[in-house]
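In what follows, a single structure is set out as structure tokens and then discussed.
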């Protein structure tokens, strides 16, 4: 025990940031809902474009 340390009373509450940080995400499904039947039928792309400032 530390002598002459002021007593700090914390209310028994959890802040919103703490609650959000402790959440978890659901896992990805084992099978996809959509499946390409032929080449180029389903394409995943990055539509964000270049981000400025560029990284080092």
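Residue numbers (this note's numbering): 66 to 121.
Ideal placement from N, C-alpha and C gives every residue a C-beta, glycine not left out.
Values in this document were obtained by computation on a predicted structure and should not be read as measured data.
*Three-state secondary structure (DSSP) of residue 113*: Counting from one through the chain shown, the residue named residue 113 turns up at place 48. Reduced to three states, the DSSP call for residue 113 is coil.
So does residue 82 have its beta carbon nearer than 6 Å to some heavy atom of the ligand ADP? The model depicted lacks the ligand ADP and carries no ligand whatsoever.
Roughly how many whole angstroms lie between the Cα atoms of residue 101 and residue 107?
Here residue 101 corresponds to residue number 36 of the chain shown, with the count starting at 1. Here residue 107 corresponds to residue number 42 of the chain shown, with the count starting at 1. Between residue 101 and residue 107, the C-alpha separation is close to 5 Å.
> Leaving out the 5 sequence neighbours to the left and right, which residues in its chain are closer than 7 Å to residue 78 when beta-carbon positions are compared?
Replying inline: Your numbering for residue 78 matches position 13 in the chain shown. There are no such residues.
Q) What did DSSP end up calling residue 81 once you bin it into helix, strand or coil? A) Within the chain shown, residue 81 is the residue found at index 16, counting from 1. Helix, per DSSP.
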